[in-house]
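Enquirer:
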Amino acid sequence: MSDFENPAIAVLAKRIDPQLTWGQVHIRRIDDGGFELRHVVDAEANADALGQAQTADLRSLAETNALGQFRPLKAAPHLRSGWRCVVNDLTGLETALRHLYPGSVADWHALELGQAQPTSYREFTERQTGMYRITAKLSPGQAKPASEACCHSASCLKQRRWAVDDLPAEEPAQKSAIPCLEPCALMLEFARGVFRFEQHNGAIGEMTPDDKRNLLMAAELAAEQAGEPEREADFAAPGNPRWMRYLRLRLGS
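In the numbering used here, the protein residues as written are 11 to 263.
1. Tell me H36's beta-bridge partners as DSSP assigns them.
2. State yes or no: is the C-beta of W118 within less than 9 Å of the C-beta of H49?
3. Determine the DSSP secondary structure at G203, reduced to helix, strand or coil.
4. Answer yes if the segment 160-180 comes into contact with the segment 127-140, meaning at least three C-beta pairs across the two stretches below 8 Å, and no otherwise.
5. Touch check for the segment 215-233 and the segment 181-196: three-plus C-beta pairs under 8 Å?
6. Going by C-alpha to C-alpha distance, which of W32, D27 and F207 sits closest to R108?
7. Which residue marks the beginning of the beta strand (DSSP E) containing R94, and which one marks its end?
8. For F200, which residues in the same chain have their Cβ closer than 7 Å to its Cβ, ignoring the five residues on either side in sequence?
9. Should F205 be labelled buried (16 or more other beta-carbon atoms within 10 Å of its own) or exposed?
10. Round the Cβ separation of V96 and I19 to the nearest angstrom and send it over; I've been treating them as touching at under 8 Å.
11. Using the Cα positions of E54 and H36, report the straight-line distance between them to the nearest angstrom.
12. My output table needs one value for F245: the three-state DSSP class, helix, strand or coil.
13. Please report the straight-line C-alpha distance between E242 and L89, rounded to a whole angstrom.
14. Quick one: measure Cβ to Cβ for L68 and L110, integer angstroms, because I've assumed they're closer than 8 Å.
15. With the cut-off set at 9 Å, would you say L196 and Q34 are in Cβ contact?
16. For G102, which three-state DSSP category applies?
17. List the whole-angstrom C-beta distance separating S91 from D27, where the pair is believed to meet the contact cut-off of C-beta under 8 Å.
18. Taking the C-alpha atoms as reference points, what is the distance between A146 and H162?
19. Given a cut-off of 9 Å, decide if P112 and S165 are closer than it, judged by their beta-carbon atoms.
20. Which two residues bound the contiguous alpha helix (DSSP H) that contains R69?
21. Report the residue from G262, A153 and L198 whose alpha carbon sits nearest the alpha carbon of G140.
22. In three-state terms, what does DSSP make of S12?
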């Protein structure tokens with residue numbers, strides 16, 4: 011198979027002139043048509059100070075963070091550092107990026123060509139069945155902060171290209187070049203939790219400022235005592251960053 015049979019990676023390679031940042035990966039051209047990949051924090055590090063990773067190693071490297079915790083979202087900003095990977099050609103580059111950021115090059119290329127149309131939150135959730143049907147029931151006052159909290163740059167580096175009500179899509183400069191074309195599985199699960207929370211806690215909008223302040227203080231105290239949750243997608247954990255972010259937005263903090 012020719013290196014140039016995949017037009018997406020060929021087009022992306024033209025942007026590496028002589029280097030490019032893809033998510034948290036620094037890519038630069040090297041001699042003989044190859045490429046070197048390393049974490050952005052190691053961009054200026056001496057090569058001898060970094061561990062040598064083979065292309066096949068990148069899949070497992072992307073599975074866990076520095077604490078050994080599973081990474082359910084590969085675009086989360088906690089890719090492990092301390093490594094470098096050298097690939098000889100476009101095929102190797104494509105494989106490496108597929109392991110680190112699955113589907114990212116294809117989505118980017120399709121959007122560049124105008125062949126991909128981002129799906130809005132409302133369009134996407136209206137098509138859901140089973141336990142995720144309730145995600146379509148979020149009001150604008152709930153769906154907007156839920157999206158802002160779940161897709162925040164502290165949790166995901168993809169640029170959210172889908173809109174939710176009056177919350178517009180993000181621009182590439184706000185995050186990375188990697189696009190998000192529709193709500194992901196984590197967003198759906200988070201939205202489901204938001205609906206259940208709002209359902210059980212009544213009309214937050216009718217709370218007095220003091221009540222909102224007290225509720226937020228109680229949540230932050232519980233989060234402080236609990237510490238960082240071991241599982242990123244455990245939205246029921248008191249210290250879950252996405253959940254605390256949602257409460258601050260929802261309660262007007």
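The beta carbon of each residue, even a glycine, is placed where N, CA and C say it ideally should be. Keep in mind it's a predicted model, so treat the numbers as computed, not measured.
Expert: Straight from the coordinates:
1. Here residue 36 corresponds to residue number 26 of the sequence shown, with the count starting at 1. The partner list for H36 (beta bridge, DSSP) reads T31 and R48.
2. The residue labelled residue 118 in the question sits at position 108 within the sequence shown. The residue labelled residue 49 in the question sits at position 39 within the sequence shown. Contact: no.
3. For the purposes of this step, residue 203 is identified with residue 193 of the sequence shown, where counting begins at 1. If DSSP states are grouped into helix, strand and coil, G203 belongs with the helices.
4. yes
5. no
6. Within the sequence shown, residue 108 is the residue found at index 98, counting from 1. Looking at the Cα atoms, W32 is the closest of the given residues.
7. For the purposes of this step, residue 94 is taken as the residue at position 84 of the sequence shown. From DSSP, the beta strand (DSSP E) with R94 extends over W93 to V97.
8. Taking the sequence shown and counting its residues from 1, the one referred to as residue 200 is at position 190. Here the set comprises A156, C160, F245 and R252.
9. On the sequence shown, residue 205 is found 195 positions in, with the first residue counted as 1. It is buried - the Cβ of F205 has at least 16 other Cβ atoms within 10 Å.
10. Your numbering for residue 96 matches position 86 in the sequence shown. Your numbering for residue 19 matches position 9 in the sequence shown. That belief does not hold up - the Cβ atoms of V96 and I19 are roughly 16 Å apart, past 8 Å.
11. The count along the sequence shown starts at 1 and reaches residue 54 at position 44. The count along the sequence shown starts at 1 and reaches residue 36 at position 26. When rounded, the distance between both Cα atoms is 10 Å.
12. One-based indexing of the sequence shown puts residue 245 at position 235. The answer is coil: DSSP assigns F245 none of H, G, I, E or B.
13. Counting from one through the sequence shown, the residue named residue 242 turns up at place 232. Counting from one through the sequence shown, the residue named residue 89 turns up at place 79. In a straight line, the C-alpha of E242 is about 13 Å away from that of L89.
14. Sequence index remark: in the sequence shown, residue 68 carries index 58 (1-based). Sequence index remark: in the sequence shown, residue 110 carries index 100 (1-based). With a Cβ gap of about 5 Å, L68 and L110 count as contacting.
15. By 1-based counting over the sequence shown, the position of residue 196 is 186. By 1-based counting over the sequence shown, the position of residue 34 is 24. Contact flag unset, no.
16. For this step, residue 102 is matched to residue 92 along the sequence shown. The answer is helix: DSSP assigns G102 an H, G or I state.
17. As a first step, residue 91 is located in the sequence shown; it is residue number 81 there, counting from the start. As a first step, residue 27 is located in the sequence shown; it is residue number 17 there, counting from the start. Between D27 and S91 the Cβ distance is about 24 Å, and since that is not below 8 Å, they are no contact.
18. In the sequence shown, counting from the first residue as 1, residue 146 sits at position 136. In the sequence shown, counting from the first residue as 1, residue 162 sits at position 152. Each residue's Cα considered, the two are about 21 Å apart.
19. Counted from its first residue, the sequence shown places residue 165 at position 155. Counted from its first residue, the sequence shown places residue 112 at position 102. No, they are not a contact pair.
20. Stepping through the sequence shown from its first residue, residue 69 is reached at position 59. Element bounds for R69: D67 to L71.
21. As a first step, residue 140 is located in the sequence shown; it is residue number 130 there, counting from the start. With distances taken between Cα atoms, G140 lies closest to L198.
22. Counting from one through the sequence shown, the residue named residue 12 turns up at place 2. No answer about S12 holds up, because its pLDDT of 47 lies below 50 and its placement is not dependable.
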